[in-house]
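Novice:
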Amino acid sequence: MKALFFSILLNHLGASGAVYKQWIPNTNFENASNWDRGHVPCATDVILFDKNKDVSVFVQSSHFLTEMSMPLNGEFIMGPGAGFGAFDGSYHPGCETESKISFTGAQRLQWYDPTLWQAATSLEDLRRGKYIFSTDEERVPCQYDDIIFQPQTSFRVNITSSEQFIHFRSISIMGQTFTSDDALAEYMQTSTAKLQFQGQGTFQLSDTRCPYKSGCECGNAADHDRICAALLQKYGNQCPVATCRDPLMPVGNCCEICGAIISLEYSAGFDIELYRNRILHTFLNLPKNTGVQMAISKVHKPKTFLGILPRSSASLIQIVLMDNRTGSQTGTHAEQVAKDIMSDIEEHGESFGIVANSLQTATGSHWSALGGGAPATVVGAVVGLLVMLLLLLGLSCSFTGNGR
Ligand SMILES: *[C@@H]1O[C@H](CO)[C@@H](O)[C@H](O)[C@H]1NC(C)=O
Ligand SMILES: *[C@@H]1O[C@H](CO)[C@@H](O)[C@H](O)[C@H]1NC(C)=O
Ligand SMILES: *[C@@H]1O[C@H](CO)[C@@H](O)[C@H](O)[C@H]1NC(C)=O
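Just so we're aligned, residue 9 is where the sequence shown starts under this note's numbering, counting upward by one.
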């Protein structure tokens, strides 16, 4: 166990706690999904851009054109080797008939739409598609994230925000990385930037990673409603039904979930990266646990936590576990992993700086709550209160004991 601990520690010294968030959509000319016919225009096509939709369009290669109507306010960014030439009447396979084709890539997309970002803890993971799982508020850029708009892509995003400033560490746009507010402010004055970023919002770069080893809150609480509105639009403005009894609401999420939430109170020694690695190496990376996803982050403690007033510190560590099981099995795998983590905390929690913890679970089969950890005062009170509540409500509840 010591050896494992130290190997995790060593791995960790190289890590920086970075999160990279990459914007998914683009407005590229060669992207077939940006055209209403689902393919890139043919040489014989009449190309239509909506004249009222400002857009910047990256063109990667050369194209023959018959006719093209342009937006009033827009631009083409030509990559090396890109160009437009008049159609010379020569034969192009698949382009025998002339038809109208419209650019649909200029829809109004919101910065705060959690479905339009993918996140990873390294650039390598981002490239390999090894994305991290997180609550909805943390799926959009957080205050110490590195933001990436892929090189060789154009885009269009509405950055209207509820906060005066949108904070993050750095931003990379078309291959250029900005780490200083001055350089970014200068870029934001360009006509390209004005086509890329619309709406009321101002970027402010922190140019630093989260300074606390226990982690930093994401900082998107003020835009919670905006984030959830964008998300729920994809579900017909309603949360999908959670198929378990008494589903759980993680802090920072838009909809309730089935699975498990572990809440940790921590002392000065707690290191969130170290602990994340511990959970990954000890539990989630095991083959038997594929299908279980975890989000771990520092969150702002709700005013009352499980019905009691929180202790002095204003933040807690939230671990959300979900699985891909269905029906009566929904959430049971996440619940099992959560219980394993709780036992691990019981044994080693103190050495990680964990001072109190509680577990809530919701599965397709039953509902349960259990708490444990040292010192047990808060947890004991929580559990006691829950028991009382449950008895009062006449609900059936099952406890998995931890030897108390
Ligand atoms: C094309 O655009 C869509 C929507 O903007 C995006 O999801 C997709 O990743 C893009 N495909 C490529 C190859 O860039
Ligand atoms: C940007 O989005 C806001 C709503 O979040 C909307 O009021 C505004 O009109 C949008 N601006 C543009 C230019 O689309
Ligand atoms: C859950 O996901 C894992 C890994 O992707 C897969 O092997 C497993 O079959 C999935 N289980 C269900 C019930 O979909």
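For every residue, glycine included, the Cβ atom is placed at its ideal position computed from N, Cα and C.
Values in this document were obtained by computation on a predicted structure and should not be read as measured data.
(1) How many Å lie between T371 and A346 at the Cα?
(2) Between the alpha carbons of Y152 and T74, how many angstroms are there, rounded?
(3) Report buried or exposed for G207, applying the criterion of at least 16 other Cβ atoms within 10 angstroms of its Cβ.
(4) So, are the CB atoms of C218 and G25 less than 8 Å apart?
(5) Look at F66 and I85 and say whether their C-beta atoms are less than 8 Å apart.
(6) May I have the straight-line CA-CA distance separating W43 from N36, to the nearest angstrom?
(7) Whole-angstrom Cβ separation of I155 and S180, contact assumed at under 8 Å?
(8) Under the rule that 16 or more other beta-carbon atoms within 10 Å means buried, what is I32, buried or exposed?
(9) Rounded to whole angstroms, what's the CA-CA distance from D144 to V363? Just pull it up for me.
(10) In chain order, what residues of the same chain have a beta carbon less than 8 Å from the beta carbon of D58, not counting five sequence neighbours either side?
(11) Can you find the residues in the same chain that come closer than 8 Å, C-beta to C-beta, to V27, ignoring five residues on each side of it along the sequence?
(12) Is R136 near ligand 3, judged by its Cβ being under 7 Å from some heavy atom?
(13) Tell whether a beta-carbon distance below 8 Å holds between S142 and F176.
(14) Mind checking whether M330 and I270 have CB atoms under 8 Å apart?
(15) Using 7 Å as the cut-off, classify the Cβ of P33 as near or not near the heavy atoms of ligand 1, replying yes or no.
(16) State the beta-bridge partners of E273 as determined by DSSP.
(17) What is the DSSP secondary structure of E343, counted as helix, strand or coil?
(18) How many angstroms separate the CA atom of H20 from the CA atom of E281?
(19) Grab me the residues of A382's own chain with a C-beta within less than 6 Å of its C-beta, minus the 5 sequence neighbours each way, in chain order.
(20) Would you say I325 and K309 are within 8 Å of each other, going by their C-beta atoms?
(21) With DSSP as the reference, please indicate the residues paired to Q184 in a beta bridge.
(22) Considering just the uninterrupted stretch of the beta strand (DSSP E) at Y139, what are its terminal residues?
(23) In the DSSP output, which residue or residues are listed as bridge partners for E171?
(24) Keeping to the same chain, check which residues put their C-beta closer than 8 Å to that of A322; ignore five residues upstream and five downstream.
(25) Quick check: what's the CA-CA separation for G260 versus M302?
(26) What's the gap between the Cα of G402 and the Cα of R286?
(27) Indicate the three-state DSSP secondary structure (helix, strand or coil) for H289 in the structure shown.
(28) Can you tell me whether DSSP reads D133 as helix, strand or coil?
(29) For E343, collect the residues of the same chain with a Cβ closer than 6 Å to its Cβ; drop the 5 residues on either side in sequence, then sort them by chain order.
(30) Please list the terminal residues of the continuous alpha helix (DSSP H) segment that includes Y195.
(31) DSSP three-state call for G25: helix, strand or coil?
(32) Where do the ends of the alpha helix (DSSP H) carrying Q212 lie?
(33) Closest by CA to C262, which one among F92, L367 and T123?
(34) Report buried or exposed for D190, applying the criterion of at least 16 other Cβ atoms within 10 angstroms of its Cβ.
(35) In angstroms with no decimal places, state the Cα-to-Cα distance between C247 and L240.
Specialist: Answer, in terms of the structure:
(1) Along the sequence shown, one-based indexing puts residue 371 at 363. Along the sequence shown, one-based indexing puts residue 346 at 338. The C-alpha of A346 is placed about 12 Å away from the C-alpha of T371.
(2) Taking the sequence shown and counting its residues from 1, one reaches residue 152 at position 144. Taking the sequence shown and counting its residues from 1, one reaches residue 74 at position 66. Rounded to the nearest whole angstrom, the C-alpha separation of Y152 and T74 is 47 Å.
(3) The residue you call residue 207 lines up with position 199 of the sequence shown. So G207 ends up on the exposed side.
(4) Along the sequence shown, read from residue 1 onward, the residue named residue 218 stands at position 210. Along the sequence shown, read from residue 1 onward, the residue named residue 25 stands at position 17. Between C218 and G25, the CB-CB gap stays under 8 Å.
(5) Your numbering for residue 66 matches position 58 in the sequence shown. Your numbering for residue 85 matches position 77 in the sequence shown. Yes, they are a contact pair.
(6) Your numbering for residue 43 matches position 35 in the sequence shown. Your numbering for residue 36 matches position 28 in the sequence shown. The straight-line gap separating the alpha-carbon atoms of W43 and N36 is approximately 10 Å.
(7) Taking the sequence shown and counting its residues from 1, one reaches residue 155 at position 147. Taking the sequence shown and counting its residues from 1, one reaches residue 180 at position 172. That belief holds up - the Cβ atoms of I155 and S180 are roughly 7 Å apart, short of 8 Å.
(8) Counting from 1 along the sequence shown, the entry for residue 32 is found at position 24. In this structure I32 is exposed. Its beta-carbon is surrounded by fewer than 16 other beta-carbon atoms within 10 angstroms.
(9) Counting from one through the sequence shown, the residue named residue 144 turns up at place 136. Counting from one through the sequence shown, the residue named residue 363 turns up at place 355. Cα to Cα, D144 sits roughly 27 Å from V363.
(10) The residue labelled residue 58 in the question sits at position 50 within the sequence shown. Correct list, in chain order: P79, S110, F111 and A114.
(11) As a position in the sequence shown, residue 27 is number 19, starting the count at 1. Taken in chain order, the residues that qualify are A127, A128, T129, I140, C150, Y152, D153 and D154.
(12) As a working note, residue 136 is residue 128 in the sequence shown. Not under cutoff, so the answer is no.
(13) Within the sequence shown, numbered from 1, the residue matching residue 142 stands at position 134. Within the sequence shown, numbered from 1, the residue matching residue 176 stands at position 168. Against a cut-off of 8 Å, the Cβ pair of F176 and S142 comes out as no contact.
(14) By 1-based counting over the sequence shown, the position of residue 330 is 322. By 1-based counting over the sequence shown, the position of residue 270 is 262. I270 sits away from M330, with the two beta carbons spaced by 8 Å or more.
(15) Along the sequence shown, one-based indexing puts residue 33 at 25. Yes - ligand 1 has a heavy atom lying nearer than 7 Å to the Cβ of P33.
(16) Numbered from its first residue, the sequence shown carries residue 273 at position 265. Answer by DSSP bridge pairing, in chain order: A364.
(17) Reading the sequence shown from its first residue, position 335 is the one you call residue 343. DSSP places E343 in helix when its eight states are reduced to three.
(18) As a working mapping, residue 20 is identified with position 12 in the sequence shown. As a working mapping, residue 281 is identified with position 273 in the sequence shown. With a pLDDT of 42 at H20, under the threshold of 50, the modelled position of that residue is not reliable, and no figure is offered here.
(19) Here residue 382 refers to the residue found at position 374 of the sequence shown. Any answer about A382 is weak, because its pLDDT of 32 lies below 50 and its placement is not dependable; what the coordinates show is given next. Excluding five sequence positions before and after A382, none of the CB atoms of its chain fall closer than 6 Å to its own CB.
(20) In the sequence shown, the residue the question calls residue 325 occupies position 317. In the sequence shown, the residue the question calls residue 309 occupies position 301. No.
(21) The residue given as residue 184 occupies position 176 in the sequence shown. In DSSP, Q184 forms a bridge with I181.
(22) One-based indexing of the sequence shown puts residue 139 at position 131. That residue, Y139, is in no beta strand (DSSP E); it is neither H nor E in DSSP.
(23) Translated into positions along the sequence shown, residue 171 becomes position 163. As DSSP reads the structure, E171 sits in no beta bridge.
(24) Stepping through the sequence shown from its first residue, residue 322 is reached at position 314. The residues are H308 and K309.
(25) The count along the sequence shown starts at 1 and reaches residue 260 at position 252. The count along the sequence shown starts at 1 and reaches residue 302 at position 294. If I take the Cα positions, the gap works out to 14 Å.
(26) Taking the sequence shown and counting its residues from 1, the one referred to as residue 402 is at position 394. Taking the sequence shown and counting its residues from 1, the one referred to as residue 286 is at position 278. Note on G402: pLDDT 41, under 50, position unreliable in the model; the coordinate value appears next. One C-alpha to the other measures close to 39 Å.
(27) Here residue 289 refers to the residue found at position 281 when the sequence shown is read from its first residue. Note: H289 maps to helix in three-state DSSP.
(28) Here residue 133 corresponds to residue number 125 of the sequence shown, with the count starting at 1. D133 falls in the helix class under three-state DSSP.
(29) Walking along the sequence shown from the start, residue 343 turns up at place 335. Cβ contact annotation for E343 (same chain, cutoff 6 Å, sequence separation greater than five): A268, T369 and T371, in chain order.
(30) Taking the first residue of the sequence shown as position 1, residue 195 is located at position 187. From DSSP, the alpha helix (DSSP H) with Y195 extends over D189 to M196.
(31) Start at 1 with the first residue of the sequence shown, and residue 25 comes out as number 17. Secondary structure of G25 (DSSP, three-state): coil.
(32) In the sequence shown, residue 212 corresponds to position 204, counting from 1. Segment F211 to L213 is the beta strand (DSSP E) holding Q212; no alpha helix (DSSP H) there.
(33) Counting from 1 along the sequence shown, the entry for residue 262 is found at position 254. Measuring from the Cα of C262, the nearest candidate turns out to be T123.
(34) Here residue 190 is taken as the residue at index 182 of the sequence shown, counted from 1. Taking all protein chains shown into account, D190 has fewer than 16 neighbouring C-beta atoms within 10 Å of its C-beta and is therefore exposed.
(35) If you number the sequence shown from 1, residue 247 lands on position 239. If you number the sequence shown from 1, residue 240 lands on position 232. Computed Cα separation, rounded: 6 Å.
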